[in-house]
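Worksheet for the structure shown next.
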Amino acid sequence: MKSKSIKGHSTSEIKTALVQSMEDGFKPTLALVFSSKSQDIKAISKVLDDKNIVIFGCTTNGEFIDEETEKGSAAILLLDMNKDYFQLYFDEYPNKNYKEVAMGIAQKAKEKFSKPAFLIGTSNPSADSEEVLIGFEAIIGKDVNAFGGGAGDDYSFTDTFVFTNEKASSDGMVCIAIDEEKIAVKGIATCGWKPVGTEKTVTKSEGNHVYTVDNVPVLDITVKYGGLENVTPENEGLLLELAANFPLQLQREKGDPVMRPGLVVDWNDHSFYCSGTVPQGSKVRFSLPPDFDVMEKVIKGVQQLKDTEMPEADAVVVFSCAGRIMALGPLMTMEIEGVRKVWNVPTVGMFSNGELARATGGNLEMHNLTTCCVALKERAPSGSPKGGE
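Its first residue numbered 62, the sequence shown is counted upward by one per residue in the working numbering.
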């Protein structure tokens, strides 16, 4: 399977890059499009559609095809994957029936492929992506191979979109089911934020709304550990600092912890809403602000994936949390470059609102402040990845 990555800051730039990519006879069948909302998504989609290319699209908080991160652009991974090896699905969940919609897609994929893997994009930041994953697990099984991210909107926190050739939605899901008997799909989700302090107990919570930890309002105990100042509703930078530097680390019985940053504060009782469920009675730890080790852990994790499961790849897709670039700033380019160099193949990535992947050694979960790296490789006729084991 051949792949190429292109980018542009306008429809005309994208069209020119697409034409140039096909001059050597390359005929892409599938495009993973990560685009800023500021781009003319309909026009870009038409450029690809005119070439009979199937589109998996998400709006972003930033996008990249190499270590240089972009804003206001479109980054596209082009694949000449056999059309018999994948199927694209698009559906909406206006009734918040996330699990049911996911189950419907999974059922169709199961009927088409005996062993489907999934790349998923979701829109609407309030959508419960964990319910989406539960839906896939209910049909395919607990070992389902699924990765993805929540669409972004250039940090405007208004509307996010997923799209395909002729459709777009601010309240829906786009999904590619891939035949794992033909295409190897391997991924890893790594965070790197270091924990600090002892385990503490969530003493009151409802879903993703955390009220108290060790019977202390969660905002107050977080402020204490972080040494934060000017903790008032007027401090516009407080939420960013809370989310990017001092997230809760939700402990799991097996596998790595899952990050749960506070995103919205209720000033009446100093509780806050996290990005995902934090069960009452669960154990959490606090985090240290990130440093170089955060990036090194991600790169080492991806290298280990190559060494142990995916010796070669045809293409790489990266879903990286928008909070990482807010916390790491220009240093984020070092992480992206390190990940790209592991396989040194065409890559596309986006800064997302939440990442969907299996925790290292654990369950399929919705993550935050995490980098999810997915490698794709067409299998040899024997069923193993070409050039692999």
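C-beta: ideal position from N, C-alpha, C; glycine also.
Where Ile360 falls: helix, strand or coil (DSSP): Judged by DSSP in its simplified three-state form, Ile360 adopts helix.
According to DSSP, is Ile200 part of a helix, a strand, or is it coil? Helix at Ile200.
Check whether Lys285 and Asp275 have beta carbons under 8 Å apart: In this structure, Lys285 keeps its C-beta atom at 8 Å or more from the C-beta atom of Asp275.
With DSSP run on the structure shown, which of helix, strand or coil describes Asp145? DSSP places Asp145 in helix when its eight states are reduced to three.
Bridge partners for Val277 per DSSP, in chain order? Val274
Across which residues does DSSP place Ile244 in a beta bridge pair? Glu439, per the DSSP bridge assignment.
Give every residue of the same chain whose Cβ lies closer than 6 Å to the Cβ of Met371, excluding the five residues on either side of it in the sequence, and list them in chain order. Lys247, Ala436
Among Val363, Asp141, Lys76, whose alpha-carbon lies nearest the alpha-carbon of Val400? From the listed residues Val363, Asp141, Lys76, the smallest Cα separation to Val400 is found for Val363.
Going by beta-carbon coordinates alone, are Ala250 and Cys433 separated by less than 8 Å? Yes; because the gap between Cβ atoms is below 8 Å, this pair is in contact.
Cα-Cα separation between Glu172 and Leu303, rounded to whole angstroms: Going from the Cα of Glu172 to the Cα of Leu303 covers about 44 Å.
CB-CB under 6 Å to Arg313, same chain, minus the five flanking residues each way: which ones, in chain order? Gly423
From Glu74 to Lys358, what distance separates their C-alpha atoms? 35 Å
Could you check the C-alpha separation between Glu450 and Ile244 for me, to the nearest Å? With a pLDDT of 39 at Glu450, under the threshold of 50, the modelled position of this residue cannot be trusted; read the value that follows with caution. The alpha-carbon atoms of Glu450 and Ile244 are separated by roughly 14 Å.
Within the continuous alpha helix (DSSP H) that includes Ile116, where are the two ends? No alpha helix (DSSP H) contains Ile116, which is instead part of the beta strand (DSSP E) from 115-120.
Distance between Thr72 and Lys107 (C-alpha atoms, nearest Å): Between the alpha carbons of Lys107 and Thr72 lies a gap of roughly 10 Å.
Do the stretch 179-189 and the stretch 226-238 touch if we need at least three Cβ pairs shorter than 8 Å? Between the stretch 179-189 and the stretch 226-238, the count of C-beta pairs closer than 8 Å reaches three or more; the two stretches touch.
What would DSSP say about Phe353, mapped onto helix, strand or coil? helix
If contacts are defined as beta-carbon pairs under 8 Å, then Glu426 and Val319 qualify, I think. What distance do you get, rounded to the angstrom? 5 Å
Quick one, which of Lys144, Leu149, Thr120 has its alpha-carbon nearest Ile137's? Thr120
Which of helix, strand or coil does DSSP assign to Glu450? With a pLDDT of 39 at Glu450, under the threshold of 50, the predicted position of this residue should be treated as unreliable, and no value is reported.
Do Gln148 and Ala163 come within 8 Å of each other at the CB atom, strictly closer than that value? no
What residue ranges within the stretch 381-442 form continuous alpha helix (DSSP H) runs of no fewer than 4 residues, ordered along the chain? 383-389, 393-404
On the premise that Phe412 lies in contact with Ser381, defined as a C-beta separation below 8 Å, what is that separation, rounded to the nearest angstrom? Correct: roughly 6 Å between the Cβ atoms.
Distance between beta carbons of Ser230 and Glu153, contact taken as under 8 Å: 5 Å
Residue range of the beta strand (DSSP E) that includes Ser106: It is not in any beta strand (DSSP E) - Ser106 instead sits in the alpha helix (DSSP H) that spans 102-110.
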